[in-house]
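Protein chains in written order, with the UniProt record's numbering: chain Z, 1 to 417; chain V, 1 to 417.
Number of protein chains: 2
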Amino acid sequence: MRAEIIAVGTELLLGQIVNTNAQYLSQGLAELGIDVYYQTVVGDNLTRLRQAIETARGRADLLVFTGGLGPTQDDLTRDALAADLGLAIGLHEPSLRKIEQLFAGRSVELIESNRKQAMLIDGAHPLRNDTGLAVGNALSAGGKHYLLLPGPPREMKPMFDNDGSDWLRKLLGDAAALRSVMLKFAGIGESALEELLIDLIREQSDPTIAPYAKEGEVCIRVSTKAGSAEEAARRMEPTLQAIRSRTERYLYAEEDIPLEAAVIRLLTSKRQTVTLAESCTGGMIAASLTSVPGSADAFLGGVVSYSNGVKHKQLGVPTELLEGPGAPGAVSEETAAAMADGMRAAADSDYALSVTGVAGPAGVEGKPVGLVYVGLAERGKPAKVEKLQLAGDREGIRIRATKRALYLLWRTLGGLE
Amino acid sequence: MRAEIIAVGTELLLGQIVNTNAQYLSQGLAELGIDVYYQTVVGDNLTRLRQAIETARGRADLLVFTGGLGPTQDDLTRDALAADLGLAIGLHEPSLRKIEQLFAGRSVELIESNRKQAMLIDGAHPLRNDTGLAVGNALSAGGKHYLLLPGPPREMKPMFDNDGSDWLRKLLGDAAALRSVMLKFAGIGESALEELLIDLIREQSDPTIAPYAKEGEVCIRVSTKAGSAEEAARRMEPTLQAIRSRTERYLYAEEDIPLEAAVIRLLTSKRQTVTLAESCTGGMIAASLTSVPGSADAFLGGVVSYSNGVKHKQLGVPTELLEGPGAPGAVSEETAAAMADGMRAAADSDYALSVTGVAGPAGVEGKPVGLVYVGLAERGKPAKVEKLQLAGDREGIRIRATKRALYLLWRTLGGLE
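#1: Verify whether the separation of the beta carbon atoms of residue 63 (chain V) and residue 7 (chain V) is less than 9 Å.
#2: Whole-angstrom Cβ separation of residue 331 (chain Z) and residue 276 (chain Z), contact assumed at under 8 Å?
#3: Can you tell me the Cβ-Cβ gap for residue 85 (chain Z) and residue 141 (chain Z), rounded? I've got them flagged as a contact below 8 Å.
#4: Can you check whether the CB of residue 121 (chain V) is closer than 9 Å to the CB of residue 59 (chain V)?
#5: So is residue 154 (chain V) buried or exposed if we call it buried at 16+ other beta carbons inside 10 Å?
#6: Shortest alpha-carbon distance to residue 363 (chain V) belongs to which of V:389, V:263, V:407 and V:385?
#7: If I'm right that residue 136 (chain Z) touches residue 158 (chain Z) with Cβ under 8 Å, what's the distance once you round it to whole angstroms?
#8: For the pair the region 18 to 30 of chain V and the region 399 to 416 of chain Z, tell me if three or more CB-CB distances fall below 8 Å.
#9: So, helix, strand or coil for residue 21 (chain Z), using DSSP?
#10: Under the DSSP definition of a beta bridge, which residues are partnered with residue 278 (chain Z)?
#11: Could you please tell me which residues of the region 367 to 380 of chain V, in chain order, have their CB closer than 8 Å to any CB of chain Z?
#12: Kindly give me the distance between the Cβ atoms of residue 30 (chain V) and residue 5 (chain V), rounded to whole angstroms, as I take these residues to be in contact under 8 Å.
#13: Per DSSP, which residues does residue 40 (chain V) bridge with? Please list them.
#14: Kindly provide the ranges of any beta strand (DSSP E) runs that are 3 or more residues long and lie completely inside the region 312 to 399 of chain Z, ordered along the chain.
#15: Quick one: using the 10 Å Cβ neighbour count with 16 as the cut-off for buried, is residue 404 (chain V) buried or exposed?
#16: If you drop the 5 nearest sequence neighbours on each side, which residues of the same chain put their C-beta closer than 6 Å to that of residue 218 (chain V)?
#17: Can you pull the chain C neighbours of residue 299 (chain Z), defined as C-beta to C-beta under 7 Å?
#18: Could you name the residues of the same chain whose beta carbon sits closer than 6 Å to that of residue 266 (chain V), not counting the 5 residues immediately before and after it, in chain order?
#19: Which chain V residues sit within Cβ distance under 7 Å of residue 20 (chain Z)?
#20: Where does residue 94 (chain Z) sit, in a helix, a strand or coil, going by DSSP?
#21: Near residue 72 (chain V), what residues of its chain come up, given a Cβ to Cβ distance below 8 Å and the 5 sequence neighbours on each side ignored?
#22: Have a look at V:380, V:206 and V:324 and flag the residue whose alpha-carbon is nearest the alpha-carbon of residue 223 (chain V).
#23: Rounded to whole angstroms, what is the Cα-Cα separation between residue 345 (chain V) and residue 382 (chain V)?
#24: Are residue 41 (chain V) and residue 272 (chain Z) closer than 9 Å when you measure CB to CB?
#25: Please say whether residue 353 (chain Z) and residue 285 (chain Z) have beta carbons closer to each other than 9 Å?
#26: What is the DSSP secondary structure of residue 172 (chain V), reduced to helix, strand or coil?
#27: For residue 293 (chain Z), which residues in chain V fall below 7 Å Cβ to Cβ?
#28: For residue 254 (chain Z), I'd like the list of residues in its chain whose CB is within less than 7 Å of its CB, leaving aside the five on either flank, ordered along the chain.
#29: For residue 65 (chain V), write down the residues that DSSP places opposite it in a beta bridge.
#30: Counting only beta-carbon atoms, is residue 111 (chain V) nearer than 9 Å to chain Z?
#31: Taking only beta-carbon atoms, is residue 351 (chain Z) less than 9 Å away from chain V?
#32: Keeping to the same chain, check which residues put their C-beta closer than 6 Å to that of residue 50 (chain Z); ignore five residues upstream and five downstream.
#33: Please state if the CB of residue 314 (chain V) and the CB of residue 303 (chain Z) are separated by a distance shorter than 9 Å.
#34: Please report the Cβ distance between residue 91 (chain Z) and residue 115 (chain Z), rounded to the nearest whole angstrom; I am assuming they are in contact, meaning their Cβ atoms lie under 8 Å.
#35: Express the C-alpha separation of residue 359 (chain Z) and residue 394 (chain Z) in angstroms, rounding to a whole number.
#36: So what's residue 48 (chain V) in DSSP terms, helix, strand or just coil?
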């Protein structure tokens, strides 16, 4: 099956946002064994949108739209396609009721334009939206297939992954699907990991081995086409085993979860707790741990100690470490250790992580941008501290420091067992 | 002039990379006053590339290509366009000499395929590549214009910004450039904002008014084409004034900065400080404030009080508020007020924000997902608390709670003055 992805939105044509949806959908369609031949971006303009639909229909079997399902005048995707197919649009009552219920609990009024988000093209199958209002549309007409997804990635991704993919799988029948395992790594860079696996990567044919890098994390997708999950598992196992044996120290999950979820899972299974004392990461580690549902059992809380006053008062870091001639200063091994010990003792947690460093753009205390100390206190043991020199801009340094701190805890907890 | 951007590369269709080039070029073309009507992505396939060229020529005056100028068999852009226009391709001697010189200084041999990167379509103007080997091509033929740029952003960007833009400016003569002002809003949703401005949006012609939404924030871009910044400002002012007068409570910046940056700017200008007591946002407010360079002057630190123990010990929230029969509980107006007051007093800051709520996926204390209390303590005043019922999944609720807390502080600080 040949697909074309059509992203609808003038903000894309003006360069206000990057079309990350096209990448996400391309990957997802490839996994289903669907070839993407074109990606198109068109603005919120009925004439040009209809022309784009006509062009795409001439060269693809499946048209996957994102964007233009919202409540405003500019949201035209549903109208354009319905007009093109000569079909009417009707209200999907269950979706409207969901929208009404959501608004009933809020202080804002449901306005007429919100009803538009509950509209379905006649004959279309509704796609559930768990993270927003607009219902998705999936329909087949005139030998072609159409999938209409919302534009915001937070809504588009779960809709595609759930109802959208289910609908496509039914369309494809029982053809051999591409099945894959995602391996996630921390504490190692993409090139170093590739170096460890270079012969496997060079000699790959089936299964395939595809490395990807995200901020501070590296992943490898091992894939094969197989008729059943069992067949796929059997075919992939030797490759997975070879990768595991070489990367054990860094391999934190064999599924697509972030490092913070692996850490929360380990802590929960051991019934242990952690607290945080963050300086340059400024709450990022806390925000990432608390993004994991159920993290409250393992994560008790933390202190963001941006000023020396908070480091002293809330964490008990001695003033003589922080200020005065000859003091090691806020960005130092000693302060990182005192922050972790102080936090752990104050909250009586099993572990406490601390981070202090220079995220930039300017150096502090005569110390260079990228210098970061990560401390780990453990009940009954003296705190240990890692000194890092990280690359990147302010945000990059903060993200990498977050991942390195979580990696230190993950290793200390025993890693993937 | 109407443009289409054509990105060439199978890696884009497989979702291996994001098409950031399209965004960069869209922005650059908009600044030159050129309207981008479509962005297209096509793979490294001669037939489909030629079809994409034909389609684009039917709907645009200027085709801007990126990718497919490299040395390999897969690099087909030059060949496809030359074949399409019935033009030959020749070696551009100065570019070849540059490549030869670069290779002379290296340990690797110049191979035949590298010569391909010095090729120009007959009649094309060469575009200098300061960061790579492939020479760019710019040509006009049959009333249409073509710009061929390399795929790697490191090479594409400087080539477009220098020789590419120069060539386009000559093409345009002294036509007017698009100039725009970005208005940023908080505390209001996209549809409610549109409702406030519906007549302005419906009647817009010049300047144009384009609303769009990001997580918890809404923006409007007001644009016009003008020969000078002064002329643009004069033409946009009545529209800006009309928008301002209706949206004053929500308009936090007239430039593209996040709400946290506006808050830090306000605090810094008033030489005031804030601290945070976060429960369900779990460090997200701290992480967003500390993402702003220079935030250390205004943001002293905070406590992420996930457990009741931390709420009590680090923030001084009375245990009788948190637990026991008849206690209001951790998610309550009383606790939000006590958290903010406790944090403000402990750190002696001018303000303290607190957030406590139910981010989900499950309810707590018999309270529903999405119920969030935001507290604000101010030196010398009793803490005020806002009760919210927020929609979305765990991450969405946390993001919205973060923005609402920052919005409350921004309003209290006096907003945009």
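A virtual CB, placed ideally from N, CA and C, is assigned to each residue, including glycine.
Here the structure is a predicted model, which means the values were calculated and not measured.
Quick look at the numbers:
#1: Within the second sequence, numbered from 1, the residue matching residue 63 (chain V) stands at position 63. Within the second sequence, numbered from 1, the residue matching residue 7 (chain V) stands at position 7. It is not a contact, given that the beta carbons lie outside the stated cut-off.
#2: To locate residue 331 (chain Z), count along the first sequence from 1; it is residue 331. To locate residue 276 (chain Z), count along the first sequence from 1; it is residue 276. In fact, because the Cβ distance is near 17 Å, the residues do not count as touching under 8 Å.
#3: Translated into positions along the first sequence, residue 85 (chain Z) becomes position 85. Translated into positions along the first sequence, residue 141 (chain Z) becomes position 141. 5 Å between Cβ atoms; contact.
#4: Residue mapping note: residue 59 (chain V) aligns to position 59 of the second sequence, counting from 1. Residue mapping note: residue 121 (chain V) aligns to position 121 of the second sequence, counting from 1. In this structure, residue 121 (chain V) does not lie closer than 9 Å to residue 59 (chain V) by Cβ.
#5: Walking along the second sequence from the start, residue 154 (chain V) turns up at place 154. Looking at its Cβ environment, which holds fewer than 16 other Cβ atoms inside 10 Å, residue 154 (chain V) is exposed.
#6: On the second sequence, residue 363 (chain V) is found 363 positions in, with the first residue counted as 1. Residue 363 (chain V) has its Cα closest to that of V:389, out of V:389, V:263, V:407 and V:385.
#7: As a working mapping, residue 136 (chain Z) is identified with position 136 in the first sequence. As a working mapping, residue 158 (chain Z) is identified with position 158 in the first sequence. The distance from the Cβ of residue 136 (chain Z) to that of residue 158 (chain Z) is about 10 Å, inconsistent with a contact at the 8 Å cut-off.
#8: Too few Cβ pairs lie closer than 8 Å, so no.
#9: Translated into positions along the first sequence, residue 21 (chain Z) becomes position 21. Of the three classes helix, strand and coil, the one that applies to residue 21 (chain Z) here is helix, per DSSP.
#10: Start at 1 with the first residue of the first sequence, and residue 278 (chain Z) comes out as number 278. Z:304 and Z:355, per the DSSP bridge assignment.
#11: Shown in chain order are the members of the region 367 to 380 of chain V whose Cβ falls below 8 Å from a Cβ of chain Z: 368 and 370.
#12: Residue numbering aside, residue 30 (chain V) sits at position 30 when the second sequence is read from its first letter. Residue numbering aside, residue 5 (chain V) sits at position 5 when the second sequence is read from its first letter. At roughly 11 Å, the Cβ-Cβ gap does not stay under 8 Å, so residue 30 (chain V) and residue 5 (chain V) are not in contact.
#13: As a first step, residue 40 (chain V) must be located in the second sequence, where it is residue number 40. Bridge partners of residue 40 (chain V): Z:40 and V:6.
#14: 351 to 357, 371 to 378 and 381 to 389
#15: Position 404 of the second sequence, counting from 1, holds the residue named residue 404 (chain V). Burial call: buried.
#16: Position 218 of the second sequence, counting from 1, holds the residue named residue 218 (chain V). Within the same chain, Cβ atoms closer than 6 Å to the Cβ of residue 218 (chain V) are found at 185, 190 and 193, the five residues on either side in sequence being excluded.
#17: The chain inventory of the structure shown lacks chain C, comprising the protein chains Z and V.
#18: Residue mapping note: residue 266 (chain V) aligns to position 266 of the second sequence, counting from 1. Within the same chain, residue 266 (chain V) has close Cβ partners 413.
#19: As a first step, residue 20 (chain Z) must be located in the first sequence, where it is residue number 20. Going along chain V in sequence order, the residues near residue 20 (chain Z) (Cβ under 7 Å) are 18.
#20: Residue numbering aside, residue 94 (chain Z) sits at position 94 when the first sequence is read from its first letter. Three-state result, residue 94 (chain Z): helix.
#21: Residue mapping note: residue 72 (chain V) aligns to position 72 of the second sequence, counting from 1. These residues qualify, in order along the chain: 113.
#22: To locate residue 223 (chain V), count along the second sequence from 1; it is residue 223. Per the Cα distances, V:206.
#23: As a first step, residue 345 (chain V) is located in the second sequence; it is residue number 345 there, counting from the start. As a first step, residue 382 (chain V) is located in the second sequence; it is residue number 382 there, counting from the start. Across the structure, residue 345 (chain V) and residue 382 (chain V) are spaced so that their CA atoms are roughly 12 Å apart.
#24: As a first step, residue 41 (chain V) must be located in the second sequence, where it is residue number 41. As a first step, residue 272 (chain Z) must be located in the first sequence, where it is residue number 272. Against a cut-off of 9 Å, the Cβ pair of residue 272 (chain Z) and residue 41 (chain V) comes out as no contact.
#25: Against the first sequence, residue 285 (chain Z) aligns to sequence position 285. Against the first sequence, residue 353 (chain Z) aligns to sequence position 353. Yes, the pair counts as a contact, with Cβ atoms nearer than the cut-off.
#26: Residue mapping note: residue 172 (chain V) aligns to position 172 of the second sequence, counting from 1. It is helical.
#27: Indexing the first sequence from 1 puts residue 293 (chain Z) at position 293. 361 and 394, listed in chain order.
#28: Mapped onto the first sequence, residue 254 (chain Z) falls at position 254. Closer than 7 Å at Cβ, skipping near neighbours: 181 and 183.
#29: Indexing the second sequence from 1 puts residue 65 (chain V) at position 65. Per DSSP, V:6 and V:148.
#30: Residue mapping note: residue 111 (chain V) aligns to position 111 of the second sequence, counting from 1. Answer no: the Cβ-Cβ gap between residue 111 (chain V) and chain Z never drops below 9 Å.
#31: Stepping through the first sequence from its first residue, residue 351 (chain Z) is reached at position 351. Chain V, which has no Cβ nearer than 9 Å to the Cβ of residue 351 (chain Z), makes this no.
#32: Position 50 of the first sequence, counted from the first residue, corresponds to residue 50 (chain Z). The residues are 80 and 84.
#33: If you number the first sequence from 1, residue 303 (chain Z) lands on position 303. If you number the second sequence from 1, residue 314 (chain V) lands on position 314. In this structure, residue 314 (chain V) lies closer than 9 Å to residue 303 (chain Z) by Cβ.
#34: Locating residue 91 (chain Z) in the first sequence gives position 91, where the first residue counts as 1. Locating residue 115 (chain Z) in the first sequence gives position 115, where the first residue counts as 1. Yes, they are in contact, since the Cβ atoms of residue 91 (chain Z) and residue 115 (chain Z) sit about 7 Å apart, within 8 Å.
#35: Stepping through the first sequence from its first residue, residue 394 (chain Z) is reached at position 394. Stepping through the first sequence from its first residue, residue 359 (chain Z) is reached at position 359. Whole-angstrom Cα-Cα distance: 5 Å.
#36: Reading the second sequence from its first residue, position 48 is the one you call residue 48 (chain V). Here DSSP, grouped into helix, strand and coil, assigns residue 48 (chain V) to helix.
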